[in-house]
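Data first, discussion second: the structure below is written as structure tokens.
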Amino acid sequence: MLRKTAFSANIKERRDFSCAIYDEAGETIAMGDHMPVHLGAMPLAVRHAIEAAPLAPGDVVMLNDPFRGGTHLPDITFVSAVFPSGSRRPLFYLANRAHHADVGGMSPGSMPLAREIYQEGVRIPPVKLVRAGRIDRDVLELVLANVRTPEEREGDLLAQWMAIRRGNERLLELTRRYGRARLRRNVRALLDYSEAMMRAVLEGLAEGDYVFEDFLDGDGVSEAPVRIAVRVRIRGGRAVVDFSGSAPQAEGPVNANLAITLAATAYVFRSLIAEDVPFTAGLLAPVDVRAPAGTVVNALPPAAMAAGNVETSQRITDVLLGALAQAAPERIPAASSGTMNNLSFGGRDPRTGKAFAYFAYYETIAGGMGASARFDGTSGVHTHMTNSWNTPVEALEHQFPIRLRRYRIRDGSGGSGRRRGGDGLIREIEFLAPCQVTLLSDRRRRGPYGLGGGGRGRPGRNLLLQNGRLTRLPGKAEFRVRTGDVLRIETPGGGGYGKVSRRVVGYEETTHGG
Numbered sequence: 449m450l451r452k453t454a455f456s457a458n459i460k461e462r463r464d465f466s467c468a469i470y471d472e473a474g475e476t477i478a479m480g481d482h483m484p485v486h487l488g489a490m491p492l493a494v495r496h497a498i499e500a501a502p503l504a505p506g507d508v509v510m511l512n513d514p515f516r517g518g519t520h521l522p523d524i525t526f527v528s529a530v531f532p533s534g535s536r537r538p539l540f541y542l543a544n545r546a547h548h549a550d551v552g553g554m555s556p557g558s559m560p561l562a563r564e565i566y567q568e569g570v571r572i573p574p575v576k577l578v579r580a581g582r583i584d585r586d587v588l589e590l591v592l593a594n595v596r597t598p599e600e601r602e603g604d605l606l607a608q609w610m611a612i613r614r615g616n617e618r619l620l621e622l623t624r625r626y627g628r629a630r631l632r633r634n635v636r637a638l639l640d641y642s643e644a645m646m647r648a649v650l651e652g653l654a655e656g657d658y659v660f661e662d663f664l665d666g667d668g669v670s671e672a673p674v675r676i677a678v679r680v681r682i683r684g685g686r687a688v689v690d691f692s693g694s695a696p697q698a699e700g701p702v703n704a705n706l707a708i709t710l711a712a713t714a715y716v717f718r719s720l721i722a723e724d725v726p727f728t729a730g731l732l733a734p735v736d737v738r739a740p741a742g743t744v745v746n747a748l749p750p751a752a753m754a755a756g757n758v759e760t761s762q763r764i765t766d767v768l769l770g771a772l773a774q775a776a777p778e779r780i781p782a783a784s785s786g787t788m789n790n791l792s793f794g795g796r797d798p799r800t801g802k803a804f805a806y807f808a809y810y811e812t813i814a815g816g817m818g819a820s821a822r823f824d825g826t827s828g829v830h831t832h833m834t835n836s837w838n839t840p841v842e843a844l845e846h847q848f849p850i851r852l853r854r855y856r857i858r859d860g861s862g863g864s865g866r867r868r869g870g871d872g873l874i875r876e877i878e879f880l881a882p883c884q885v886t887l888l889s890d891r892r893r894r895g896p897y898g899l900g901g902g903g904r905g906r907p908g909r910n911l912l913l914q915n916g917r918l919t920r921l922p923g924k925a926e927f928r929v930r931t932g933d934v935l936r937i938e939t940p941g942g943g944g945y946g947k948v949s950r951r952v953v954g955y956e957e958t959t960h961g962g
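Going from the sequence shown to the numbering used here is simple: count from 1 and add 448.
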């Protein structure tokens with residue numbers, strides 16, 4: 449329902465949204481399992497929504513505050529309670545989260561190189577947008593007055609509301625069909641089953657302490673690397689995941705909050721289970737996550753947060769996988785591209801003929817997947833904390849004043865090894881109107897790591913062609929373009945896996961990939 453009724457390409461085409469169901473205690477029991485960075489973080493938003501104000505039938509709470517369960521400001525979350533007939537207490541909670549292409553702030557797309565959260569857009573604490581089934585126009589107008597594309601934002605917000613209504617209808621149907629007591633038993637069984645599956649996997653891993661670290665290229669303000677470090681302790685069917693030693697929260701927008709760190713951890717440990725398993729709160733029951741407050745993995749106000757959700761979440765995933773590769777090397781792949789290659793731009797659309805017809809666009813661009821012991825990495829695919837689609841060329845050129853000049857695989861960018869890393873992409877955009885552009889990307893200095901002797905993937909590159917002159921851009925940059933300028937984004941390849949063996953006359957020579 450959300451995808452079909454949304455206005456923006458970001459939700460309709462790229463599917464940058466998530467939906468989930470929670471029990472009466474706010475524990476996750478079901479979710480659309482396709483956007484890890486949303487799904488693992490949403491339970492904190494549900495908790496804050498429940499604590500902020502009592503929810504009555506037909507009420508919907510809206511929020512995006514990263515310090516109250518949000519991730520970054522463009523991700524707006526809706527939360528509602530499901531009341532069976534005659535009940536004064538909710539039996540379920542519903543939530544959805546959608547990335548809005550603009551929520552105000554310093555730059556179109558609301559992903560700026562900010563130094564504090566106030567510069568990033570409108571910040572919404574848990575507030576009721578819908579009361580007893582009727583929308584509060586005052587609250588809605590306050591939000592729409594602070595964004596560049598109010599018609600599109602209103603359409604997407606109403607789509608989120610309609611999705612909540614549809615979920616409410618379906619859950620009430622289940623309640624009428626099976627009764628509350630049976631649903632409660634089944635919910636408990638789902639939670640217990642997921643927890644048992646996770647414990648079984650942890651019991652099968654070699655006990656020990658596994659340490660790994662990796663770095664972001666910089667925070668968008670400074671070029672100094674930003675350290676992400678983890679120690680994973682496996683003991684007796686439990687895991688302690690400790691991010692002590694990670695860098696202090698950054699001046700630039702790469703800060704992640706606790707919700708993001710929990711989301712990355714949930715994703716990685718869920719991926720250890722080979723079988724299909726319900727993605728419920730039970731999965732993290734045997735996992736204790738420790739992220740010191742005031743660090744880049746658990747930042748405090750007023751830290752800028754735009755890239756924490758998209759870039760730091762990827763590096764958290766990389767270090768977790770790097771640590772677990774020591775416990776289960778045959779099951780963990782080399783590093784994938786390690787960045788969402790975020791591109792946002794906007795300006796006035798001259799095609800409309802209107803003086804104030806603004807547009808804003810946001811997308812993430814795929815890269816190479818890391819190779820594993822059994823398979824080469826896939827090329828040109830969204831990996832790990834992003835699992836969105838691309839926006840098709842036809843939709844892009846129809847909706848925005850741009851021309852996509854090139855879109856292809858970046859041959860040879862995957863790391864070498866017995867199994868090769870997947871290749872990244874090349875996406876080349878010509879602007880047909882002046883725009884303000886923001887890039888939030890990483891792995892531009894150091895490519896994704898290989899495993900087992902495999903080589904690194906090639907780092908990405910950002911290039912701008914203006915008046916016949918080609919300029920190399922940093923991974924995180926803000927700039928203006930004129931009509932005819934061309935932006936070329938080359939995304940990183942994935943790391944390779946295993947040593948390469950090749951026969952030379954008279955003997956066999958073994959070399960390391962890369």
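Note that beta-carbon positions come from the ideal geometry of N, C-alpha and C, so glycine has one too.
Predicted model only: the values in this text are computed from it and were never measured.
| Check | Outcome |
| --- | --- |
| At what residue ranges does the stretch 733-768 contain a whole run of the beta strand (DSSP E), taking only runs of 3 or more? | 735-738 |
| How big is the Cα-Cα spacing for Ala712 and Asn757? | 10 Å |
| Pull up the distance between the alpha-carbon of Pro749 and that of Phe540, whole angstroms please. | 31 Å |
| Please identify the residue among Gly932, Thr931, Phe927 and Ile937 whose C-alpha is closest to the C-alpha of Ser555. | Phe927 |
| Determine the direct distance from the alpha carbon of Ala755 to that of Arg892, and round the result to whole angstroms. | 15 Å |
| Would you be able to state if there are at least three C-beta pairs under 8 Å between the stretch 782-790 and the stretch 502-511? | no |
| Just to check my reading of the structure: Arg545 and Phe465 have Cβ atoms closer than 8 Å, yes? What is that Cβ distance to the nearest angstrom? | 6 Å |
| Give me the Cα-Cα distance between Ala672 and Arg636, rounded to the nearest whole angstrom. | 47 Å |
| Does the structure place the stretch 848-858 close enough to the stretch 912-922 that three or more beta carbon pairs sit under 8 Å? | no |
| In whole angstroms, what is the alpha-carbon distance linking Val669 and His547? | 24 Å |
| Is it right to say Ser692 is buried, meaning 16 or more other beta carbons lie within 10 angstroms of its own, or is it exposed? | exposed |
| With Arg647 and Gly685 assumed to form a contact (beta carbons below 8 Å), what rounded beta-carbon distance in angstroms separates them? | 4 Å |
| Thinking C-beta only, is Ile565 closer than 8 Å to Ala752? | yes |
| Which stretch, first to last residue, makes up the beta strand (DSSP E) that contains Val885? | Cys883 to Leu888 |
| According to the neighbour-count rule (16 or more other Cβ atoms, all chains shown, within 10 Å of its Cβ), is Glu651 buried or exposed? | exposed |
| Less than 7 Å between C-beta atoms, sequence neighbours within five positions excluded: which residues of the same chain meet that for Glu661? | Arg675, Ile676, Ala677 and Val767 |
| Looking at the strands, I want to know which residues DSSP matches up with Gln914. | Arg917 |
| Who are the near neighbours of Ala478 in its chain, counting only those whose CB is closer than 6 Å to its CB and skipping five residues on each side? | Ile469 |
| Using 8 Å as the threshold, is the C-beta distance between Gly944 and Gly902 below it? | yes |
| Would you check if the distance between the CB atom of Val570 and the CB atom of Val587 is smaller than 8 Å? | no |
| Please name the residue or residues paired with Met559 in a DSSP beta bridge. | For Met559, which the question treats as bridged, DSSP gives no partner whatsoever. |
| What do you get for Gly961, buried or exposed, if any count of 16 or more other CB atoms within 10 angstroms of its CB means buried? | Reliability of the predicted coordinates at Gly961 is poor, the pLDDT of 39 falling under 50, and no value is obtained from them. |
| Among the candidates Arg579, Arg936 and Ile764, whose CA atom is the shortest distance from the CA of Ala501? | Arg579 |
| For Leu638, count neighbouring C-beta atoms within 10 Å of its own C-beta (all shown protein chains included) and say buried if the count is 16 or more, exposed if not. | buried |
| What span of residues does the beta strand (DSSP E) with Asn705 cover, start to end? | That residue, Asn705, is in no beta strand (DSSP E); it is neither H nor E in DSSP. |
| Give the range of the alpha helix (DSSP H) segment to which Asp824 is assigned. | No alpha helix (DSSP H) holds Asp824; DSSP gives it neither H nor E. |
| Below 8 Å CB to CB, which residues in the same chain sit around Leu450 once its five sequence neighbours on both sides are set aside? | Ile459, Phe465, Cys467, Asn544, Ala546, Ala607, Gln608, Met610 and Ala611 |
| Since Gly557 and Gly794 are thought to touch, with beta carbons under 8 Å apart, how far apart are those beta carbons, to the nearest angstrom? | 6 Å |
| Whole angstroms is fine: what's the gap from Ala654's alpha carbon to Ile682's? | 7 Å |
| Counting C-beta neighbours from all protein chains within 10 Å, is the total for Gly825 16 or more, i.e. buried, or is it exposed? | buried |
| To the nearest whole angstrom, what separates the beta carbons of Glu617 and Ala549, a pair I think is in contact under 8 Å? | Not quite, the Cβ-Cβ distance comes to about 28 Å (not below 8 Å), so this is no contact. |
| Considering only the alpha carbon of each residue, which of Asn789, Glu589 and Val725 lies closest to Tyr641? | Val725 |
| Could you give the uninterrupted runs of the beta strand (DSSP E) lying entirely in the stretch 485-511, keeping only those of 3 residues or more? | 508-511 |
| Beta strand (DSSP E) containing Tyr897: first to last residue? | Taken as a continuous stretch (DSSP letters only), Tyr897 belongs to no beta strand (DSSP E), as it is neither H nor E. |
| Which residue comes first and which comes last in the beta strand (DSSP E) that contains Ile676? | Val674 to Arg683 |
| So what does DSSP say about Ala644, is it helix, strand or coil? | helix |
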